[in-house]
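**Q**
Protein chains: 2
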Amino acid sequence: MSASSAIAPLIEKMARRDVVTPQERQALAALLGPARTVPAGKLLIEPGDRPGFSTFLVSGLCARFSLTSNGGRQLTEINVAGDFVDLHSLLMRQMDHGVLALADCMIAPATHEDLRRLTEEHPHLTRLLWLETVVDGAIHRQWLVTMGQQDAASRLAHLMCELYRRLEAAGLATDSGFALPMTQADLGDVLGLTQVHVNRVLMELRRRGLLLWKAGQVTIGDWEALAALGQFDPTYLRLIREPV
Amino acid sequence: MSASSAIAPLIEKMARRDVVTPQERQALAALLGPARTVPAGKLLIEPGDRPGFSTFLVSGLCARFSLTSNGGRQLTEINVAGDFVDLHSLLMRQMDHGVLALADCMIAPATHEDLRRLTEEHPHLTRLLWLETVVDGAIHRQWLVTMGQQDAASRLAHLMCELYRRLEAAGLATDSGFALPMTQADLGDVLGLTQVHVNRVLMELRRRGLLLWKAGQVTIGDWEALAALGQFDPTYLRLIREPV
DNA sequence: GATGCGCGTTGATCTAGGTTATCAAGCGCC
DNA sequence: GGCGCTTGATAACCTAGATCAACGCGCATC
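Chain order of the listed sequences is A and B.
Quick note: to get the working numbering, add 112 to the position in the first sequence (first position is 1).
Quick note: to get the working numbering, add 112 to the position in the second sequence (first position is 1).
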């Protein structure tokens, strides 16, 4: 896969937000080093690492996670193709979390040296990359709101709405649903629930015809009802054209 | 208050992370418009606003919040003097949350026009401002971990540790504690708990000698025990010298 | 074809934290 | 000095979700 097609999903997402010039597209494509694959279940990035590059997700699905000393694991964001999974490490230097491949992933590195040079030479593109990390923050805030204020069913509904919209933006959803190759236990670590309770809530949503999740494939049964249950408002995903 | 002394707490924080040149200090000071005060309990920023400037907190204490349609309120971050409370609005354009003054606040605006110009002319300073928003994201992630994986007492302990370290970095803590002018109900909206349960947990921590909170003043009784209970690791606050 | 195992499903029981209500202390305000 | 309002403190009761324990099914391995 060429660097320019590898970076395509990111450019597509950025182009929904602002004009991206041919020179900028070229500069982005030039960032990516040789791609490699990581099989499902392996780590893309170890927690605490100090990478000299940021990792771009060309294809697949992965999740940021933190471990607690009492054996817990919290997934703090799910990343889809077109996301930099640790762009913030350019500035944080030390990773505050790890990144796990949920499905087989293809990733490509962008060295911090090249990224830093880009911030010197392409201020507008820098703002667009900055926006990527800012949207990560907005997603985290939204998850905090659902964790703190909504019950298990609403939380699950909200997550499914978010994933649908984000995968759709990356051209990875169908009219009826999307692939979600993770276990119910993984999902519990996203929502702060046990695998058992995730199962019960899934059953409930299935029974009410809102959602079907079978063989790693989510089928939306009733989008309106699902969005209402999850109190889903996509503003925070910032998928609209407003130049920066 | 002059612009240069108003921006001082931000420069101090940045200088813990990287070298900030005199020209950069000057450029930062030049960002701030005339300061104004907002009394405790009022909003600095309405949710959904499209401000033409970002708001810098010169002094006081405020919190980002989101409301849910079922009457809930979640505070997603507490901001201290030296923080930009909505730097991300430069890129998000529309606010995804509101900002509430917990104590009387003095704030100063930095127009998006000036901030954009700064990103054109000061790449290194741009990276330092970018880092500010990246640390916000790291704080959100840490809160997600505590919300999803820790019980009420650990969550409260973690929050107190975080606030202590951040206020200390801003020169606003004493050896023994810090001012926390908010109600137990507010704190419940931070932790995703009810006021009643916050009260129970506070009593428990007080009984165990970890913490005393009286008349808006937190006194740390046993830092080691508190940090252990909250599983607090300050890495995510990124308060160490590592040039970007 | 037997064996194991990951994953989903289900039931029984327990508990952290929610809900509701009450009361007292502090405090500005008339 | 009394009045109303906010905040903290507590108690009684209730529920969402955790915990623990099976069990079944698909699927890979031998």
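Don't be surprised by glycine CBs; every beta carbon is placed ideally from N, CA and C.
Are the segment 296-305 of chain B and the segment 173-190 of chain B touching, with three or more C-beta to C-beta distances below 8 Å?
**A** yes
**Q** So is S178(B) in contact with chain A if we call contact Cβ pairs under 9 Å?
**A** Look at S178(B): its C-beta is under 9 Å from a C-beta on chain A.
**Q** Please list the residues of the segment 202-229 of chain A that have a C-beta atom closer than 8 Å to any C-beta atom in chain B, keeping them in chain order.
**A** Going along the segment 202-229 of chain A in chain order, one finds L202, L203, M204, R205, Q206, D208, H209, R228 with a Cβ nearer than 8 Å to chain B.
**Q** Does the distance from the CB of P235(B) to the CB of E232(A) come in under 9 Å?
**A** yes
**Q** Where L341(A) and A269(A) are concerned, what is the direct C-alpha to C-alpha distance, given to the nearest angstrom?
**A** 6 Å
**Q** Grouping DSSP H, G and I as helix and E and B as strand, with all else coil, what is K154(A)?
**A** coil
**Q** Please go through the same chain and pick out, in chain order, the residues whose beta-carbon is closer than 7 Å to the beta-carbon of G160(B), but skip the five residues on each side of it.
**A** Q206, M207
**Q** Using a Cβ cut-off of 8 Å, pull out every chain A residue sitting near D248(B), in sequence order please.
**A** D248(B) reaches chain A at G249, counting residues in chain order whose Cβ is nearer than 8 Å.
**Q** State the start and end residues of the unbroken alpha helix (DSSP H) segment that holds I123(B).
**A** 120-129
**Q** Relative to the C-alpha of Q307(B), which residue among A264(B), I219(B), V211(B), W255(B) is closest?
**A** A264(B)
**Q** Under a CB-based cut-off of 9 Å, is T238(B) close to chain A?
**A** yes
**Q** For V356(A), would you say it is in contact with chain B, using Cβ-to-Cβ distances shorter than 9 Å as the test?
**A** yes
**Q** Can you name the start and end residues of the alpha helix (DSSP H) that S201(B) belongs to?
**A** 201-204
**Q** So the candidates are L305(B), M259(B), V310(B), V247(B); which of them puts its Cα closest to the Cα of Y348(B)?
**A** V247(B)
**Q** Measuring only between beta-carbons, confirm whether N191(A) sits less than 9 Å from chain B.
**A** N191(A) does not count as touching chain B.
**Q** Can you tell which of I119(B), A281(B), Y276(B) has its C-alpha closest to the C-alpha of G289(B)?
**A** Y276(B)
**Q** Please classify E158(B): is it buried, with 16 or more other beta-carbons within 10 angstroms of its beta-carbon, or exposed?
**A** exposed
**Q** Kindly indicate which residue of G184(A), V192(A), K326(A), D198(A) has the alpha-carbon position closest to the one of L303(A).
**A** G184(A)
**Q** So that I know if they touch, is there some Cβ in chain A lying closer than 9 Å to that of M294(B)?
**A** Among the CB atoms of chain A, none fall inside 9 Å of the CB of M294(B).
**Q** Nearest to S166(A) by alpha carbon, out of A222(A), M272(A), L243(A)?
**A** A222(A)
**Q** Output, in chain order, the set of chain A residues within a Cβ distance shorter than 9 Å of G184(B).
**A** Result: V257, G260, Q261, Q262.
**Q** At 3 residues or longer, what runs of the beta strand (DSSP E) sit wholly inside the segment 176-226 of chain A?
**A** 185-192, 210-213, 217-223
**Q** Under 9 Å, CB to CB, which of the residues in the segment 286-314 of chain B have a partner in chain A?
**A** D301, V302, L303, G304, L305
**Q** Determine, using beta carbons only, whether E232(B) comes closer than 9 Å to chain A.
**A** yes
**Q** So with Cβ pairs under 9 Å, would you call G164(B) a contact of chain A?
**A** Under the 9 Å criterion on CB atoms, G164(B) is classed as non-interfacial with respect to chain A.
**Q** Any beta carbon from chain A within less than 9 Å of L351(B)'s own beta carbon?
**A** no
**Q** Among V192(B), H252(B), T286(B), which has the Cα closest to the Cα of D216(B)?
**A** Comparing Cα-Cα distances from D216(B) to each of V192(B), H252(B), T286(B), the minimum goes to V192(B).
**Q** For Q343(B), go through chain A and note every residue whose CB falls closer than 7 Å to its CB, in chain order.
**A** Residues of chain A passing the Cβ test: T180, S181.
**Q** In this structure, how does DSSP classify Q329(B) when only helix, strand and coil are distinguished?
**A** strand
**Q** A118(A) and F168(A): beta carbons closer than 9 Å?
**A** yes
**Q** In three-state DSSP terms, what is T286(A)?
**A** coil
**Q** Which chain B residues sit within Cβ distance under 8 Å of T245(A)?
**A** W242, T245, V246, G249
**Q** Which chain A residues sit within Cβ distance under 9 Å of G235(B)?
**A** At residue 235(B) the sequence reads Pro, which differs from the Gly that was named. Within 9 Å Cβ-Cβ: R228, T231, E232, E233, P235, T238.
**Q** Count the other CB atoms within 10 Å of the CB of S114(B); is the residue buried (16 or more) or exposed (fewer)?
**A** exposed
**Q** Along the alpha helix (DSSP H) that carries T258(B), what are the first and last residues, could you check?
**A** 235-261
**Q** Between T167(B) and chain A, is the shortest Cβ-Cβ distance under 9 Å, so that the two count as touching?
**A** Not one chain A Cβ lies under 9 Å of T167(B).
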